[in-house]
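Remember, the working numbering sits 2 above the position in the sequence shown when you count from 1.
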Amino acid sequence: YYSFSRYFLECEILFAITVSIRLECIIMFIDLRMIRDAQFNNLRQNAVDVTLDPDTAHPALILSNDGKQVHCGDERKKLPDRSKRFEPAINVLGTQGFSCGRLYYDVQVKGKTVWTLGVAKGSVNRKGEIKLNPENGYWTICLRNRNEYFALAAHPVPLSVNDPPEKVRVFVDYEEGLVSFYDVNAAVLLYSYTGQTFNEKLYPFFRPGTSDSGTNTAPLIITPFKQQRLD
Numbered sequence: 003y004y005s006f007s008r009y010f011l012e013c014e015i016l017f018a019i020t021v022s023i024r025l026e027c028i029i030m031f032i033d034l035r036m037i038r039d040a041q042f043n044n045l046r047q048n049a050v051d052v053t054l055d056p057d058t059a060h061p062a063l064i065l066s067n068d069g070k071q072v073h074c075g076d077e078r079k080k081l082p083d084r085s086k087r088f089e090p091a092i093n094v095l096g097t098q099g100f101s102c103g104r105l106y107y108d109v110q111v112k113g114k115t116v117w118t119l120g121v122a123k124g125s126v127n128r129k130g131e132i133k134l135n136p137e138n139g140y141w142t143i144c145l146r147n148r149n150e151y152f153a154l155a156a157h158p159v160p161l162s163v164n165d166p167p168e169k170v171r172v173f174v175d176y177e178e179g180l181v182s183f184y185d186v187n188a189a190v191l192l193y194s195y196t197g198q199t200f201n202e203k204l205y206p207f208f209r210p211g212t213s214d215s216g217t218n219t220a221p222l223i224i225t226p227f228k229q230q231r232l233d
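What follows is the structure in structure tokens.
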């Protein structure tokens with residue numbers, strides 16, 4: 003006959019195995035999290051200083067005096083019609099370009115309903131209708147309609163984003179042909195463009211979006227850096 007003592011013994015063994023498996027899963031999760039955090043933190047040595055280039059800014063954009071913030075105003079300013087200036091696209095580039103190495107910069111996007119961030123070739127078309135994709139010299143991701151995130155590849159790629167990022171990291175490895183985007187606070191990769199070919203200077207790219215009936219007035223803010231400055 004099947005004894006109760008044997009039954010309880012088997013239950014205890016099964017319980018012990020279950021606990022052991024759960025502990026192994028927890029340890030594995032912690033190890034993976036530590037590896038991910040270490041890889042993310044290793045990027046910090048590649049931080050660069052970025053400021054906005056007013057000569058490239060659309061006339062409706064309002065830049066802060068220190069060149070670290072930008073939002074779209076309700077009126078166009080009267081500005082010189084430079085070849086560098088974006089129009090009618092409401093964009094602005096960073097002043098500093100780069101053509102080698104690894105680097106990143108962080109941008110606060112908190113409180114915005116629309117934005118586009120990334121990098122662009124220095125030779126991109128600044129006038130007329132502009133389609134943002136790698137073929138045209140743009141590597142970007144964007145937020146649309148408050149909660150829709152896309153990578154603007156040849157065909158827009160929907161991004162799975164659980165919690166809206168408040169700060170986005172744009173990371174470039176020039177030699178590897180890599181452009182990656184991270185949620186800084188969550189230390190989560192949002193998207194990567196891989197296997198790209200860069201043959202000229204790249205510049206930080208910003209599109210803060212229009213005011214969206216007053217719901218998108220928060221600026222894009224380039225956050226402080228702690229490493230070298232771009233040439």
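Just so it is clear, CB atoms sit at the ideal spot from N, CA and C, and this is done for glycine as well.
If I follow the unbroken beta strand (DSSP E) through residue 181, where does it start and stop? 180–185
Going by CA-CA distance only, name the one from 128, 139, 153 that's closest to residue 118. Looking only at 128, 139, 153, the smallest Cα-Cα distance to residue 118 is reached by 153.
Coil, strand or helix - residue 136 by DSSP: helix
Which of helix, strand or coil does DSSP assign to residue 38? In this prediction, residue 38 has a pLDDT of 48, which is less than 50 and means its spatial position is unreliable; nothing more can be read from the coordinates.
Run through the segment 77–165 for me and flag every whole alpha helix (DSSP H) of 4 or more residues, listed as ranges in chain order. none
Residue(s) in a DSSP beta bridge with residue 49: Per the DSSP secondary-structure output, residue 49 pairs in a beta bridge with 106.
How would you call residue 115, buried or exposed, if buried means at least 16 neighbouring beta carbons within 10 angstroms? With 16 or more other CB atoms across the displayed protein chains lying within 10 angstroms of its CB, residue 115 is buried.
Rounded straight-line distance, which links the Cα of residue 212 to that of residue 222: 12 Å
Using the three-state DSSP reduction, which class does residue 56 fall into: helix, strand or coil? helix
Best match in 49, 48, 70 for proximity to residue 55 [C-alpha to C-alpha]: Selected option, being the one with the closest Cα: 70.
For a test of the three-state rule: what should DSSP assign to residue 200, helix, strand or coil? coil
If you check the beta carbons only, do residue 134 and residue 92 fall under 9 Å apart? no
Contact check, residue 111 vs residue 202, beta carbons under 9 Å: No; because the gap between Cβ atoms is not below 9 Å, this pair is not in contact.
Environment of residue 82 [buried if 16+ CB atoms lie within 10 Å]: Burial call: exposed.
Cβ-Cβ distance between residue 87 and residue 174 below 9 Å: no
Using beta-carbon positions only, say whether residue 171 and residue 181 come within less than 9 Å of one another. no
For residue 169, write down the residues that DSSP places opposite it in a beta bridge. Per DSSP, 110.
Quick one: Cα of residue 75 to Cα of residue 210, how far? The straight-line gap separating the alpha-carbon atoms of residue 75 and residue 210 is approximately 10 Å.
Taking 9 Å as the threshold (C-beta atoms), are residue 120 and residue 142 in contact? yes
Closest Cα partner of residue 132 within the set 161, 90, 123: 90
DSSP state of residue 175, grouped into three classes? strand
Less than 8 Å between the CB atoms is what I'm expecting for residue 206 and residue 52, so what's the real figure, rounded? 5 Å
Pull the bridge partners of residue 206 from the DSSP assignment, please. Answer is 121, bridged to residue 206.
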